[in-house]
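A.B. asks: Per the working numbering, the very first residue in the first sequence carries number 66; after that it's consecutive.
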Amino acid sequence: MSSIIQAVRGMNDILPEEVSLWQHVENTIQEVLKSFCYDEIRFPIVEKTELFKRSIGEVTDIVEKEMYTFIDRNEESLTLRPEGTAGCVRTVIEHGLIHNQIQRLWYKGPFFRHERPQKGRTRQFHQCGVEIFGIPTPDIDAELILLSATIFERLGFKDHIALQINSLGSPASRAKYKETLIAYLTKHTDQLDEDSKRRLNTNPLRILDSKNPAMADLIHHAPKLTESLDDESRLHFEGLLNYLNALNIKYEINPCLVRGLDYYTKTVFEWVTTDLGAQGTVCAGGRYDGLVEQLGGKPTPALGFGLGLERTVLLLQTLHQKSLALAPDIYFIADSEKTLETAFALSNSLRKALPEIRILMNCGGGAIKNQLKKADKSGARYALILGEQEAANQSIVLKNLRENNPQEIFPQQQIIEKLSGLLN
RNA sequence: GUGGACGUAGCUCAGCUGGUAGAGCCCCGGAUUGUGAUUCCGGCCGUCGUGGGUUCGAACCCCAUCGUUCACCCCA
């Protein structure tokens with residue numbers, strides 16, 4: 066035997082047993098999106114590296130050390146998308162989709178970041194993203210949050226997930242606040258830990274988000290972002306909160322919520338859970354009014370969120386633990402090559418007449434006894450058994466595998482009618 | 001990138017202060033001449049992650065390496 070090639074680190078396989086949960090999550094999300102009249106958009110997994118540098122920010126960890134970047138055969142630098150917003154914005158600009166137009170869009174797919182894997186974090190991960198273009202008013206911020214709230218409600222997360230919200234203000238007020246914060250923190254450099262001293266230069270707002278309990282007091286007394294908002298941003302934020310109150314959506318204002326990506330303005334929010342360990346953010350997003358222009362489009366207000374599918378599935382697993390795999394309705398047993406031919410024909414007419422029916426044919430032979438064992442293990446409700454005797458007189462045996470009724474034998478012509486009655 | 005924990009059969013795991021591996025599940029066959037979740041009997045299954053070192057002798061001790069995992073960083 067030659068050596069086994071393993072999957073690439075952090076690129077996880079999703080096995081059939083888990084796929085049913087994934088499908089449940091994906092279907093639920095898509096139903097909600099459909100009910101809100103959002104349209105799906107699809108764009109490539111690979112983009113020019115420059116796109117991410119310009120949108121996410123040059124000095125972020127994502128761009129500096131987490132991107133899967135390679136040189137294409139024509140010497141061009143390309144990157145596996147580390148997030149969805151940049152590619153989506155590029156697409157809608159390139160195709161004129163937001164020229165004086167409102168768009169409500171969604172997408173899902175794989176994303177790639179070269180990070181150390183841990184619970185709820187893989188190098189290839191999957192996200193469902195929503196992006197909205199062309200609406201500056203806070204009603205749409207509220208709709209976006211309502212949309213996410215509806216998804217989590219339908220998934221049964223209501224008591225296990227909480228909404229945190231904040232406003233970063235305009236780029237100008239944010240820059241002003243940054244200076245105030247740096248001034249404050251510089252006065253207390255002695256209380257900063259190593260990470261925070263580094264972040265003082267790279268991303269000072271992130272220091273507010275520090276998990277180090279030794280710095281809790283310092284952070285608590287730091288000047289608040291919300292206090293230095295410009296009027297327009299403050300009104301926008303208040304407007305959003307009013308809508309959320311009217312919609313009865315519970316939220317917590319977290320003045321330390323800053324988000325990592327450079328492009329956010331005004332509204333930012335996160336749905337967090339304490340049931341998943343360290344990676345508790347299941348969904349996060351916000352407004353990015355400057356990004357479209359920054360990527361060469363006409364100035365267009367925009368907002369969106371990313372919803373982590375691994376984390377959503379993980380949460381569903383910890384809460385319900387159930388596998389949603391579909392068992393067959395019928396396990397079809399034939400005891401010889403000859404009867405198998407007839408069985409195939411019968412299964413074929415059954416599927417034509419009853420398109421929803423799930424029939425699992427026993428292939429690979431085996432004694433009736435073993436085939437029934439497999440039938441039982443498959444979880445099928447019924448076994449259809451076609452042996453030499455039945456084939457000879459054109460009958461077939463129907464055996465209920467889940468109840469202790471005696472098995473029935475009836476003419477093959479009645480098979481469709483018989484099963485359509487049983488499986489309603 | 002940093003730190004901790006862990007790598008023994010397909011899966012879950014046992015294996016004492018070093019004496020060259022074991023259980024359950026799964027799978028296969030039989031008890032049952034065409035009938036399945038029970039029962040009983042039998043069988044299959046291992047470079048003990050990999051490489052080196054110590055030792056008469058290593059799954060066990062030491063070093064390295066790879067992998068997994070949890071946390072930090074960062075983020076969905």
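Glycine included, every Cβ here is placed at the ideal spot set by N, Cα and C.
Since this is a predicted model, take the numbers as computed values, not measurements.
1. Between Thr125 and Leu326, is the Cβ-Cβ spacing less than 8 angstroms?
2. Pull up the CB-CB distance for Val333 and Leu209, whole angstroms please, since I reckon it's below 8 angstroms.
3. Just the C-alpha distance for Val111 and Glu159, rounded to the nearest angstrom, thanks.
4. Start and end of the beta strand (DSSP E) containing Lys464?
5. Excluding five sequence neighbours on each side, which residues of the same chain lie with their C-beta closer than 8 angstroms to the C-beta of Lys494?
6. Tell me Asn231's beta-bridge partners as DSSP assigns them.
7. Indicate whether Glu453 and Thr377 have their beta-carbon atoms separated by less than 8 angstroms.
8. By alpha-carbon positions, which one of Ala456, Gly361, Ala151 and Lys417 ends up nearest to Ser401?
9. Return the Cβ separation of Ala207 and Leu322 in integer angstroms, given the expectation that the two are a contact with Cβ distance under 8 angstroms.
10. Grab the span of the beta strand (DSSP E) containing Gln189 for me, first residue to last.
11. Between which two residues does the beta strand (DSSP E) carrying Pro175 extend?
12. Span of the beta strand (DSSP E) holding Arg119?
13. Who are Ser142's beta bridge partners in DSSP?
14. Flag this pair as touching only if the region 312-322 and the region 284-296 have three or more C-beta atom pairs under 8 angstroms; answer yes or no.
15. Going straight from the alpha carbon of Gly304 to that of Val73, what length do you get?
16. How many Å lie between Thr523 and Gly174 at the Cα?
17. Would you list the one or two residues that DSSP bridges to Met280?
18. Are the CB atoms of Gln192 and Phe177 within a distance shorter than 8 angstroms?
19. What separation, rounded to the nearest whole angstrom, lies between the Cα atoms of Cys428 and Ile481?
20. Counting only runs of 3+ residues fully inside the region 279-365, write out the beta strand (DSSP E) ranges in chain order.
21. Does the beta-carbon distance from Leu419 to Leu487 come in below 8 angstroms?
22. For Leu162, which residues from the same chain have a beta carbon less than 6 angstroms from its beta carbon, with the 5 sequence-adjacent residues on both sides left out?
23. Assign Ser120 to buried or exposed, taking buried as 16 or more other Cβ atoms, counted over all protein chains shown, within 10 Å of its Cβ.
24. Going by the beta-carbon positions, is the gap between Ile216 and Thr93 smaller than 8 angstroms?
25. Which of the three DSSP states, helix, strand or coil, is assigned to Tyr103?
26. Who are the near neighbours of Ile247 in its chain, counting only those whose CB is closer than 6 angstroms to its CB and skipping five residues on each side?
27. With DSSP collapsed to three states, give me the class of Ala390.
28. Report the rounded CA-to-CA distance for Asn413 versus Lys438, giving the unit in angstroms.
29. So what's Ala72 in DSSP terms, helix, strand or just coil?
30. Is Ile507 buried or exposed, if buried means 16 or more other CB atoms sit within 10 Å of its CB?
31. What are the partner residues of Gln183, as DSSP defines its beta bridges?
32. In chain order, what residues of the same chain have a beta carbon less than 8 angstroms from the beta carbon of Gly528, not counting five sequence neighbours either side?
33. Quick one: give me the first and last residue of the beta strand (DSSP E) that Glu131 is part of.
34. Are there 16 or more other CB atoms within 10 angstroms of the CB of Lys331, so buried, or fewer, so exposed?
35. Could you tell me the alpha carbon to alpha carbon distance between Ile197 and Thr407, rounded to whole angstroms?
C.D. replies: So, from the data block:
1. Yes, these two residues count as a Cβ contact at 8 angstroms.
2. Under the criterion of beta carbons closer than 8 angstroms, Val333 and Leu209 do not qualify as touching, at roughly 12 angstroms.
3. About 16 angstroms.
4. Looking at the DSSP string, the run of the beta strand (DSSP E) that includes Lys464 is Ser460 to Asn465.
5. As shown, the chain starts at 66 and ends at 489. That puts residue 494 outside it, with no answer to give.
6. For Asn231, which the question treats as bridged, DSSP gives the partners Val333.
7. Contact: no.
8. If we check each option's Cα against that of Ser401, Ala456 comes out closest.
9. That pair is no contact at about 17 angstroms.
10. Here the beta strand (DSSP E) through Gln189 covers Gln189 to Phe198.
11. That run of the beta strand (DSSP E) goes Gln168 to Phe177.
12. It is not in any beta strand (DSSP E) - Arg119 instead sits in the alpha helix (DSSP H) that spans Thr114 to Ile121.
13. Bridge partners of Ser142: Ile136.
14. These segments touch.
15. So the alpha carbons of these two residues sit roughly 47 angstroms apart.
16. Shown here, the chain extends from 66 to 489; a query on residue 523 therefore has no answer.
17. Bridge partners of Met280: none, in fact.
18. For Phe177 and Gln192, no; Cβs fall outside 8 angstroms.
19. Their backbone Cα atoms lie some 22 angstroms apart in a straight line.
20. You should have 330-337 and 346-352.
21. Their beta carbons are not under 8 angstroms apart, which means Leu419 does not touch Leu487 by this criterion.
22. The residues are Gln168.
23. Taking all protein chains shown into account, Ser120 has 16 or more neighbouring C-beta atoms within 10 Å of its C-beta and is therefore buried.
24. Their beta carbons are under 8 angstroms apart, which means Ile216 touches Thr93 by this criterion.
25. Judged by DSSP in its simplified three-state form, Tyr103 adopts coil rather than helix or strand.
26. For Ile247, where only same-chain residues beyond five positions count, the Cβ hits under 6 angstroms are Pro269.
27. For Ala390, the three-state secondary structure derived from DSSP is coil.
28. In this structure, the alpha-carbon of Asn413 lies about 23 angstroms from that of Lys438.
29. Here Ala72 sits in coil by DSSP.
30. The requested residue 507 is not part of the displayed model; the chain covers only 66 to 489.
31. Gln183 is bridged to Arg186.
32. The question about residue 528 has no answer, for the chain in this structure spans 66 to 489.
33. Careful: Glu131 lies outside any beta strand (DSSP E) and carries neither H nor E.
34. Lys331 is buried by the Cβ-count criterion.
35. Distance between the alpha carbons of Ile197 and Thr407: 56 angstroms.
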